[in-house]
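Student:
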Amino acid sequence: MQSKITTSTLFLTAALAVLAGPALAHTGEGLAGGLLSGFLHPIHGWDHVVAMVAVGLWGAVLGAPAMWVLPVVFPLVMAFGGALGVMGIPIPAIETGIALSGVVLGLLVAFFVKAPLWVAAVIVGAFAIFHGHAHGTELPEAANPLAYGVGFVVGTGLLHTIGIGLGLFTGHAAGRMVVRAAGVVIAAVGGLFLAGLA
2 MQSKITTSTL FLTAALAVLA GPALAHTGEG LAGGLLSGFL HPIHGWDHVV
52 AMVAVGLWGA VLGAPAMWVL PVVFPLVMAF GGALGVMGIP IPAIETGIAL
102 SGVVLGLLVA FFVKAPLWVA AVIVGAFAIF HGHAHGTELP EAANPLAYGV
152 GFVVGTGLLH TIGIGLGLFT GHAAGRMVVR AAGVVIAAVG GLFLAGLA
């Protein structure tokens, strides 16, 4: 008996793989600042996870080309913010900006806000600077910046892809309700971080 693998099954599998902890035979190796460390860093902070998933979700809500443009804008601008963080150039209210990204992006998804592509790109890019700066200042001293950066962008891209996958359910009434509910959850998580409760 053959089983049919659906798109939703693939995205669910990817989501579970991201959330699962890695099994490492040599604890600590490669974690100080290499590719694996960069990949895991955005995945281990719920404030970052919800915002990055929300970018993919909102892109899917807006449809093409936003579905593909926003997940490209975010890591590109995030890299710029990361460079500012590595250079020690201060940006005020980093943690507030990160928490607000969850609140704002979650609400944009929950209310299916249809913004022009350039407005959506500016909103996503503005929040990406906060996320990038935070990670740039947290870059381990022993890190290989190139390997860490590549891993970081791949991890971020995977989170965006999960958001896009979930957003593909908007073609059905029940799917739209699920996506709206996901937006509410994302906004709530961002609100908790904003209130300092999480």
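Terminal number for the sequence shown in my numbering: 199, no gaps in between.
Think of the CB as a built atom: it goes at the ideal place given N, C-alpha and C, for glycine as much as any other residue.
Everything numeric in this text was worked out from a predicted model, so none of it was measured.
#1: What residues in its chain sit with their C-beta under 6 Å from that of residue 157, if we drop five residues either side in the sequence?
#2: Which two residues bound the contiguous alpha helix (DSSP H) that contains residue 35?
#3: With a threshold of 8 Å, are at least 3 pairs of Cβ atoms found where one atom belongs to the region 96-108 and the other to the region 70-88?
#4: Under 8 Å, with one C-beta from each stretch per pair, do the region 109-119 and the region 175-191 reach the 3-pair mark?
#5: Around the C-beta of residue 199, are 16 or more other C-beta atoms found within 10 angstroms, so that it is buried, or is it exposed?
#6: For residue 122, count neighbouring C-beta atoms within 10 Å of its own C-beta (all shown protein chains included) and say buried if the count is 16 or more, exposed if not.
#7: What do you reckon, are the CB atoms on residue 102 and residue 191 nearer than 8 Å?
#8: Around the C-beta of residue 45, are 16 or more other C-beta atoms found within 10 angstroms, so that it is buried, or is it exposed?
#9: Nearest to residue 125 by CA position, among 66, 152, 72 and 63, is which residue?
#10: Below 8 Å on the Cβ atoms is my guess for residue 132 versus residue 99; work out the distance and round it to an integer in Å.
#11: Let me know the secondary structure DSSP gives residue 194 once reduced to three states.
#12: For residue 146, report the span of its alpha helix (DSSP H) as first-last.
#13: Just curious, the alpha helix (DSSP H) that residue 108 is in, first and last residue?
#14: Could you tell me how far apart the beta carbons of residue 83 and residue 152 are, in whole angstroms, since I believe they sit closer than 8 Å?
#15: CB residue 61 to CB residue 169, shorter than 8 Å?
#16: Give me the Cα-Cα distance between residue 195 and residue 97, rounded to the nearest whole angstrom.
#17: Could you check what DSSP says for residue 86 in three-state terms: helix, strand or coil?
#18: Give a yes or no on whether the C-beta atoms belonging to residue 140 and residue 87 are separated by under 8 Å.
Tutor: So, from the data block:
#1: 43, 53 and 76
#2: Segment: none, residue 35 is in no alpha helix (DSSP H) and carries neither H nor E.
#3: no
#4: yes
#5: Interpretation of residue 199 is limited by its pLDDT of 49, a score under 50 that renders its predicted location unreliable; the figure taken from the coordinates is listed afterwards. Exposed is the call here.
#6: buried
#7: yes
#8: exposed
#9: 72
#10: 6 Å
#11: helix
#12: 146-168
#13: 95-111
#14: About 12 Å; that fails the 8 Å criterion.
#15: yes
#16: 6 Å
#17: helix
#18: yes
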